[in-house]
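One structure is given below, encoded as C-alpha cells.
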Amino acid sequence: MCKKTLFLLLISLLSLFLANSCQKKVFYEKIDPLPDEVWHIDSLLHYDFTIEDTLACFNMYINIRNSVDFETQNFYIFMTTTFPNGDTAVDTLGCFISDIYGKWTGKGLGRVKENRFLFKSNIRFPQKGNYHIDVQQAMRADKVKGIVNFGISLNYFDKDKIAK
Numbered sequence: 098m099c100k101k102t103l104f105l106l107l108i109s110l111l112s113l114f115l116a117n118s119c120q121k122k123v124f125y126e127k128i129d130p131l132p133d134e135v136w137h138i139d140s141l142l143h144y145d146f147t148i149e150d151t152l153a154c155f156n157m158y159i160n161i162r163n164s165v166d167f168e169t170q171n172f173y174i175f176m177t178t179t180f181p182n183g184d185t186a187v188d189t190l191g192c193f194i195s196d197i198y199g200k201w202t203g204k205g206l207g208r209v210k211e212n213r214f215l216f217k218s219n220i221r222f223p224q225k226g227n228y229h230i231d232v233q234q235a236m237r238a239d240k241v242k243g244i245v246n247f248g249i250s251l252n253y254f255d256k257d258k259i260a261k
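Numbering (our numbering), first residue to last: 98 to 261.
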C-alpha cells in the first residue's frame, strides 16, 4: 500500500511539474468583449501595464476572436502607445482573418474563430513605469460586425525557442 501511494504521489508531482513548465510565461493579458459583436469606429479599447525591468524582453500578441459574421479578409487597427514620459507611438496593424478563398485563419469549431497574431517579437520597453495602449478599429466603416473579443498579450521572450 505504501509503495502504491508513493508511486501515485511521484506521478502526480511529475505531472504538475510538466504542466507548469509547458505554460507560456504571460506577463500581461487583457481580453475585451465587444458588445453585440460590433466594434464602433469611436470605441477605443484600453490596455495598461507597468514595466519595472527595462532589460526584460517580450513578445506582444494581438488576440482576435471573430464570428462568421465578419465580412472581410483583413482587419485593420490603430494602436497608440503612451510611454511613461508621455511620448506616444502609433502603429497600424493589418490582420488576415481569412485567406483569399474565404477560409478562416483562426482556430475553432462553430461560428467563432480564435486568432493570435505576433505583433512584435523580442521587444524591450525602454522606460520604467506605466504604459498605456489605446486600440481603435481602422476599417473605414462606422461599425465592424463580427468581432467578438479583442485583446493584447505580453509574454516573456524565450530565447531558447529560437531556431538555430
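Ideal placement from N, C-alpha and C gives every residue a C-beta, glycine not left out. Here the structure is a predicted model, which means the values were calculated and not measured.
Going by beta carbon distance, what residues of the same chain come within less than 7 Å of residue i, once the five residues before and after it are set aside?
i: residue 128; result: 160, 246, 248
Can you give me the start and stop residues for the beta strand (DSSP E) that residue i sits inside?
i: residue 178; result: 171-179
i: residue 226; result: 226-234
Could you name the residues of the same chain whose beta carbon sits closer than 8 Å to that of residue i, not counting the 5 residues immediately before and after it, in chain order?
i: residue 170; result: 193, 194, 195, 196, 197, 199
i: residue 146; result: 124, 125, 227, 228, 251
Assign residue i to one of three DSSP states: helix, strand, or coil.
i: residue 118; result: Residue confidence for residue 118 is low, a pLDDT of 47 falling below 50, so the modelled location carries little weight; the figure read from the coordinates is stated next. Reduced to three states, the DSSP call for residue 118 is helix.
i: residue 132; result: helix
i: residue 256; result: helix
i: residue 141; result: coil
i: residue 245; result: strand
i: residue 165; result: coil
i: residue 149; result: coil
Given 7 Å as the limit, tell me if residue i has its C-beta closer than that to any heavy atom belonging to the ligand ATP.
i: residue 143; result: This structure does not include the ligand ATP; it has no bound ligands of any sort.
With a threshold of 16 other CB atoms inside 10 Å of the CB of residue i, please say whether the residue is buried or exposed.
i: residue 187; result: exposed
Which same chain residues end up closer than 6 Å to residue i when comparing Cβ atoms and leaving out the 5 residues on each side of it in sequence?
i: residue 201; result: 195, 210
Assuming residue i and residue j form a contact by the criterion Cβ under 8 Å, report the distance between their Cβ atoms to the nearest whole angstrom.
i: residue 224; j: residue 151; result: 7 Å
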